[in-house]
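Structure first, then comments.
Protein chains: 2
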Amino acid sequence: MYEVLRTFYEKRFPLSDEQFEFIRKLNIPKTLKKGEFLIREGEVLKWGAFVTRGCLRKYIIDAKGKEHILQFLPETWWISDIDSQRYGTPCSFFVDAIEDTDILISDMAANQQIMDHIPGFAEAFTKGLQKHAAEKDKRIAASLSASAEEKYLDFLRTYPSIAQRVPQHMLASYLGVTPETLSRVRKRQTKR
Amino acid sequence: MYEVLRTFYEKRFPLSDEQFEFIRKLNIPKTLKKGEFLIREGEVLKWGAFVTRGCLRKYIIDAKGKEHILQFLPETWWISDIDSQRYGTPCSFFVDAIEDTDILISDMAANQQIMDHIPGFAEAFTKGLQKHAAEKDKRIAASLSASAEEKYLDFLRTYPSIAQRVPQHMLASYLGVTPETLSRVRKRQTKR
DNA sequence: TTTCTTTCTTGACATAGATCAATGGCCACG
DNA sequence: CGTGGCCATTGATCTATGTCAAGAAAGAAA
């Protein structure tokens, strides 16, 4: 499973065998069965996880007890809560596996070491964070004004591979519509 | 206007006259007339701004040309785009003044100096960032499922002072409803 | 003050999407 | 293999909110 990590990095910056070996040692593999939790609300995170196989979902439960999926995390995605790590504040969301999933876990200290030793890593890492923040702004805007159909098509465009593998009712939760509505949107869509 | 900044900091960590003087020198005051822009989409940010008087708004314009207010920033709020600063990526939003507004501007280098010299600053700063990130997640969830009334009441609870000072049509834009709907929600509300 | 413009309110109507309910498909598991 | 339980689909309503239009109120300008 380290190969996935390596390929991912090599797309972003050059990496010698030796350097990768350095990174490899700092990442601990773990496997989650479908349905297993990785993070529960209220826990304090001391690490981050990189997905090498399978798919996770991040969600919160609102005041009415309703679940809202904030993010899907298939291979090569990264989950953590930087602030929970740095300041020990409990995190506000759940993460569980929607398929059997392999991850690589590394803590803050490890990350710091990698940043110090591998040129390009820090930049690539923060580029990822930045992209994610901008996506969040876009998502807020879309959820405020886009129709169910627009949100669905936009999701297809942005994450075509995710759309195919997650169960429909979860996609509905992500989009903020009922499963029935999503079903109808898709029906209309195939007619064209 | 530096007094606002000082009071703000002193709520978060102890600060001697000397220390504050150090900070003061690194913050450059600026005044914006109502309607004036602080940041335009596509610009590269090299600084952050702290509001000492007045109110700013941050918004984006979507593919259909519609405006979406992402955030209001009254006194003691902070605006920047960390990633734009660090990596020179253009930012994706606009910021303008909805009242005559005084701000204090400091660039990355200044911030770094302050972090290095003032114990407690770095922590307070990042705590702010973290709170903001969690708010964003909550906002996504709310915009996906809450009714106009719930979103409005929630805004009142969370930002009571902002609700009173921003024009209603802007609040409507923030909440993702039409001005008409907001007007009706408020009418129903006052009846109770 | 008077006038002009922008914002807010109110009503009538249209519609997207929620809700409720029933059906059929599809796995997983005995 | 059945069979029980989840999931997707479809139809029939219901409702919140958008849209369009007109008038009132409130600021800004002069």
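Protein chains in written order, with the numbering used here: chain A, 1 to 192; chain B, 193 to 384. For every residue, glycine included, the Cβ atom is placed at its ideal position computed from N, Cα and C.
Ile306/B at chain A interface by Cβ criterion, 8 Å: no
Own chain partners of Glu235/B with C-beta closer than 7 Å, once the 5 adjacent residues on each side are dropped: Pro282 and Cys283
8 Å Cβ shell around Val364/B - same chain, five flanking residues per side excluded: The displayed chain sequence assigns Ala, not Val, to residue 364/B. Contacts found: Thr370, Pro371, Thr373 and Leu374.
Residue of Phe205/B, Arg216/B, Arg380/B and Asp329/B minimising C-alpha distance to Gln71/A: Asp329/B
Alpha helix (DSSP H) segment containing Glu18/A, residue limits: Asp17 to Lys25
Cβ-based neighbour list, Pro14/A, same chain, cut-off 8 Å, excluding 5 preceding and 5 following: Gly120
Anticipated Cβ contact below 8 Å, Leu32/A with Ala97/A, distance rounded: 4 Å
Exposed unless 16 or more other CB atoms sit within 10 angstroms - verdict on Gly246/B: buried
Unbroken beta strand (DSSP E) run spanning Glu67/A, endpoints: Glu67 to Pro74
Local conformation of Ser272/B per DSSP, three classes: coil
Simplified DSSP state of Ile290/B, which is helix, strand or coil: coil
For Arg57/A, the nearest candidate out of Asp116/A, Ile69/A and Asp154/A (CA to CA): Ile69/A
Rounded distance between the beta-carbons of Thr268/B and Val196/B, thought under 8 Å: 7 Å
C-alpha distance - Phe214/B paired with Arg198/B, whole-angstrom precision: 12 Å
Three-state class that DSSP yields for Ile114/A in the structure shown: helix
Min CB distance Arg139/A to chain B below 8 Å: yes
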